[in-house]
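Per my numbering, the very first residue in the sequence shown carries number 628; after that it's consecutive. Let me begin by presenting the structure, written as structure tokens, before commenting on it.
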Amino acid sequence: RRVHGGSNSLLMSTFRLFAACSRGLGDILKNELKALFPGKSISATEGGAILRGSQSDLWKLVWNCRTAESVHVEVGGSQRVRSAAELRSSFLRLPWSAYLKMNTANVHIKAESYRSQLFHETLVKQTIRGVLEDHSFVKPRKNKDGFKPTVEHVRQPDGQVITRAVKSEDTISTHVPSISTIIKANMTQMYISATGDDLYRRGYRTHVTWGPMRETLAAACVRAAGIRPLTPDSQSISLWDPFCGSGVIVLEALAISLGWPAPMTPRRFPFEFFPIHDSQQYAAFQTEQLARREKVSLPNKVKLQLLGSDIAVKAVSAAEHNALLAEAEKFMVQSSDSSPVSSTQTSAGLPPVSLQFLQGDFEEISARVPKHSIILTNPPYGYRSEQYMTPRQLSDMFERFGVLLKSRPDITQVYVLMVTHNNPLPQTTGLQWQPVLTSVNGGVPVQLLKLVR
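This is the structure:
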């Protein structure tokens, strides 16, 4: 919708929101959004999912979706564009005053073109920047002589004009607006980023070990394993990650089960700089979201028992540190605080919500894993594992893991994230596995495999 005489007409509007995700996680993201927005139409698309929503829906999406990498607002609808002149005209018809402040210091412009007459992506970016500069949305990069200005003239509130040095781009605020233009078969769609591209940064994973796993991928694996926010109809959950590393799988399982918001602490998002942003209502929303962490109330007789273990002392130390930053210390149970939970016993001696990180080989730790637990793990694989063990040691490890799984028929739900190519798991464990999702981890193609009992 175009803005006439300002951006107030968009304050109560609905927006077309695009939530982007990592490759292969589209169905997981779509199902998560359906749970967040019951009754709304959610459509899967290449690289993510689309829904229509209000400003409060945008906030809810950003704060509660754990598998999205970023969120973008579509500016206007799809338009036909075959030349730079048509692109310029099309761009001017859109309500940019709702999303961009006048004289913005800088803007990031991205462009993609497929099977279109306007195929030169650099020309697309230059055209858009030219329109923004001509209409004073963005300060010009160059003056009339073609040089980058070194000074600027700024009018003060009292009317006085002062001259000051222009800030270099590397000193400008990191909350730089980002515009994406996608042209396919001469049809263009334009988006402005509402979040940046780092929603995976929850704020707790400051200590990492080898082969770190993004929080968004860990959350997708947790959801693929069937773990959802606990309700009165839920069954108790006992989960074990025998190769926990920095603890991201266990911590994402904790947050998802308790229905915690994704950001750990208040942070500034690009949508907070939109002229149409309702800062007063958002402040109340933000306070409400952060308060949810303080209210932990499990349904009667429902328990949540989470265990992470790793043979590396450094990994367990990193996991415990990250758990403290995740504000999970109130759930942490030290090994000396309770008797080991035998696999033949229940976890009745532990509190309703318990989180443990133990150092040791998985064969040793397995005696502490309750019956009917879920195993969800991201073991060593690929070239990064070669820094810590030989191919023979890696093969022996998986063989022993297979023996363990065969000795625990009570554990029927086993999920392992493994490298897609040259996957050693089926051969070394002697067990049958089926893929439940395919994605990438640190640029490496991976699959989440489920044990077929």
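The beta carbon of each residue, even a glycine, is placed where N, CA and C say it ideally should be. Since the structure is predicted, the reported quantities are computational estimates derived from the model, not experimental observations.
Return helix, strand or coil for S936, following the three-state DSSP convention. Stepping through the sequence shown from its first residue, residue 936 is reached at position 309. Residue state, collapsed to three classes: strand.
Skipping 5 residues on each side, what residues in its chain have a beta carbon closer than 7 Å to that of H802? In the sequence shown, counting from the first residue as 1, residue 802 sits at position 175. Cβ neighbours of H802 beyond the five flanking positions: R895, P897, F900.
Could you say if the stretch 666-676 and the stretch 702-722 meet the contact criterion of at least three C-beta pairs nearer than 8 Å? No: fewer than three Cβ pairs fall under 8 Å.
Return the CA-CA distance between A910 and A955, expressed in angstroms with no decimal places. As a first step, residue 910 is located in the sequence shown; it is residue number 283 there, counting from the start. As a first step, residue 955 is located in the sequence shown; it is residue number 328 there, counting from the start. Those two C-alpha atoms are separated by around 24 Å.
Using a Cβ-Cβ cut-off of 8 Å (strictly less than) and excluding sequence neighbours within five positions of S710, which residues of its own chain qualify? Here residue 710 refers to the residue found at position 83 of the sequence shown. Around S710: Q744, L745.
Can you give me the start and stop residues for the beta strand (DSSP E) that S697 sits inside? Counted from its first residue, the sequence shown places residue 697 at position 70. S697 -> beta strand (DSSP E) spans 697-701.
Indicate the three-state DSSP secondary structure (helix, strand or coil) for G1057 in the structure shown. Residue 1057 sits at position 430 when you count from the first residue of the sequence shown. Correct three-state label for G1057: coil.
Work out the CA separation of L844 and V943 for me, nearest whole Å. On the sequence shown, residue 943 is found 316 positions in, with the first residue counted as 1. On the sequence shown, residue 844 is found 217 positions in, with the first residue counted as 1. So the two alpha carbons sit approximately 20 Å from each other.
Just how far apart, CA to CA, sit R919 and F1028? Counting from 1 along the sequence shown, the entry for residue 919 is found at position 292. Counting from 1 along the sequence shown, the entry for residue 1028 is found at position 401. Approximately 38 Å between the Cα atoms of the pair.
Per DSSP, what kind of secondary structure is N1068 in: helix, strand or coil? Indexing the sequence shown from 1 puts residue 1068 at position 441. Reduced to three states, the DSSP call for N1068 is strand.
Just tell me which of K687, S740, N1005, P1036 has its CA closest to the CA of F1025. Here residue 1025 refers to the residue found at position 398 when the sequence shown is read from its first residue. The shortest C-alpha separation from F1025 is found at N1005.
Take E915 as the anchor and find which of F870, V835, K687, K728 has the nearest alpha-carbon. Start at 1 with the first residue of the sequence shown, and residue 915 comes out as number 288. Nearest option by C-alpha distance: K687.
Indicate the three-state DSSP secondary structure (helix, strand or coil) for S717 in the structure shown. Within the sequence shown, residue 717 is the residue found at index 90, counting from 1. Reduced to three states, the DSSP call for S717 is helix.
Are the CB atoms of L934 and L985 within a distance shorter than 8 Å? Residue numbering aside, residue 985 sits at position 358 when the sequence shown is read from its first letter. Residue numbering aside, residue 934 sits at position 307 when the sequence shown is read from its first letter. Yes; because the gap between Cβ atoms is below 8 Å, this pair is in contact.
Grab me the residues of T833's own chain with a C-beta within less than 8 Å of its C-beta, minus the 5 sequence neighbours each way, in chain order. In the sequence shown, the residue the question calls residue 833 occupies position 206. So the list reads H948, N949, L952, once near-sequence residues are dropped.
Where L885 and V923 are concerned, what is the direct C-alpha to C-alpha distance, given to the nearest angstrom? Your numbering for residue 885 matches position 258 in the sequence shown. Your numbering for residue 923 matches position 296 in the sequence shown. C-alpha of L885 to C-alpha of V923: approximately 7 Å in a straight line.
Should Q1054 go down as buried or exposed, given a rule of 16 or more other Cβ atoms within 10 Å for buried? Residue 1054 sits at position 427 when you count from the first residue of the sequence shown. Answer is exposed; the Cβ neighbour count stays below 16.
Please classify H948: does DSSP put it in a helix, a strand, or coil? Position 321 of the sequence shown, counting from 1, holds the residue named residue 948. Here H948 sits in helix by DSSP.
Proximal residues to P890 (C-beta, below 7 Å), its chain only, five neighbours per side dropped: As a working note, residue 890 is residue 263 in the sequence shown. So the list reads W690, R829, G830, once near-sequence residues are dropped.
Three-state secondary structure (DSSP) of R1080: Mapped onto the sequence shown, residue 1080 falls at position 453. Judged by DSSP in its simplified three-state form, R1080 adopts coil rather than helix or strand.
F900 by DSSP, collapsed to three states: which one? In the sequence shown, residue 900 corresponds to position 273, counting from 1. Reduced to three states, the DSSP call for F900 is helix.
Is the beta carbon of L652 less than 8 Å from the beta carbon of V698? Position 25 of the sequence shown holds residue 652. Position 71 of the sequence shown holds residue 698. In this structure, V698 does not lie closer than 8 Å to L652 by Cβ.
Going by alpha carbons, who is nearest to S670 out of Q1059, D654, Q682? On the sequence shown, position 43 is the one that residue 670 refers to. Ranked by Cα distance from S670, the options Q1059, D654, Q682 are led by D654.
In this structure, does DSSP put D855 in helix, strand or coil? Position 228 of the sequence shown holds residue 855. Before going on, a small fix: residue 855 reads as Arg here, not Asp. Correct three-state label for R855: coil.
Could you tell me the alpha carbon to alpha carbon distance between P767 and I736, rounded to whole angstroms? Here the question's residue 767 lines up with position 140 in the sequence shown. Here the question's residue 736 lines up with position 109 in the sequence shown. For P767 and I736, the distance between alpha carbons rounds to 14 Å.
Are T815 and V708 closer than 8 Å when you measure CB to CB? Here the question's residue 815 lines up with position 188 in the sequence shown. Here the question's residue 708 lines up with position 81 in the sequence shown. Yes.
State buried or exposed for S1066, treating a residue as buried only when at least 16 other CB atoms are found within 10 Å of its CB. Locating residue 1066 in the sequence shown gives position 439, where the first residue counts as 1. Its Cβ being crowded by 16 or more others within 10 Å, S1066 is buried.
Give me, in chain order, the residues of the same chain whose beta-carbon lies closer than 6 Å to that of K1077; leave out the 5 immediate sequence neighbours on both sides. Stepping through the sequence shown from its first residue, residue 1077 is reached at position 450. Excluding residues within five positions, the ones whose Cβ falls inside 6 Å are Y1042, Q1061, V1063.
Report yes if the CB atom of A846 is closer than 8 Å to the CB atom of T694, and no otherwise. Here residue 846 is taken as the residue at index 219 of the sequence shown, counted from 1. Here residue 694 is taken as the residue at index 67 of the sequence shown, counted from 1. Yes; because the gap between Cβ atoms is below 8 Å, this pair is in contact.
Close Cβ partners of M817 (< 6 Å) along its chain, the five nearest in sequence each way excluded: As a working note, residue 817 is residue 190 in the sequence shown. Excluding sequence neighbours, M817 sits near V702, T808.
Report the rounded CA-to-CA distance for A712 versus E659, giving the unit in angstroms. Position 85 of the sequence shown, counted from the start, is the residue given in the question as residue 712. Position 32 of the sequence shown, counted from the start, is the residue given in the question as residue 659. Their Cα atoms are separated by approximately 41 Å.
Can the beta-carbon of F870 be found closer than 8 Å to that of D825? Taking the sequence shown and counting its residues from 1, one reaches residue 870 at position 243. Taking the sequence shown and counting its residues from 1, one reaches residue 825 at position 198. Contact: no.
Starting from A910, follow the alpha helix (DSSP H) in both directions and report where the run begins and ends. Position 283 of the sequence shown, counted from the start, is the residue given in the question as residue 910. A910 -> alpha helix (DSSP H) spans 906-918.
State the start and end residues of the unbroken beta strand (DSSP E) segment that holds I669. Residue mapping note: residue 669 aligns to position 42 of the sequence shown, counting from 1. From DSSP, I669 is part of no beta strand (DSSP E); its letter is neither H nor E.
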